[in-house]
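Each residue of the sequence shown is one higher than the last, beginning at 1 in UniProt numbering. First up is the structure itself, then whatever we jot down about it.
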Amino acid sequence: MECDFLLSYINGSQLMKKEYAEVVEHHLAICLTCQELFEIMGDFPSIEEEGSFSIEMKARILTKVFDEEFPML
Numbered sequence: 001m002e003c004d005f006l007l008s009y010i011n012g013s014q015l016m017k018k019e020y021a022e023v024v025e026h027h028l029a030i031c032l033t034c035q036e037l038f039e040i041m042g043d044f045p046s047i048e049e050e051g052s053f054s055i056e057m058k059a060r061i062l063t064k065v066f067d068e069e070f071p072m073l
């Protein structure tokens, strides 16, 4: 479940409580998929930055990545 909140964590969401951010950090230490995603997404500008990617664009990118990594059988 922590995987679902990685994007909010990466973007430094103000809605994420400190305690939950710590849970995501612990999850990140053990989840190879999230580690790779964190590395990739860390290169994108923050959604708070003017002119950055929209959340919809990031969602499309992530969907494409996960569809390629884990195609449905």
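Every residue, glycine too, gets a C-beta built ideally from N, C-alpha and C.
Are the beta-carbon atoms of Cys34 and Leu6 separated by less than 8 Å?
The count along the sequence shown starts at 1 and reaches residue 34 at position 34. The count along the sequence shown starts at 1 and reaches residue 6 at position 6. A contact, by the Cβ cut-off of 8 Å.
So is Met41 buried or exposed if we call it buried at 16+ other beta carbons inside 10 Å?
Numbered from 1 along the sequence shown, position 41 holds the residue referred to as residue 41. The residue is buried, with at least 16 neighbouring Cβ atoms inside 10 Å.
My output table needs one value for Cys31: the three-state DSSP class, helix, strand or coil.
For the purposes of this step, residue 31 is taken as residue 31 along the sequence shown, with counting starting at 1. Correct three-state label for Cys31: coil.
May I ask which residues mark the beginning and end of the alpha helix (DSSP H) holding Ser54?
Counted from its first residue, the sequence shown places residue 54 at position 54. No alpha helix (DSSP H) holds Ser54; DSSP gives it neither H nor E.
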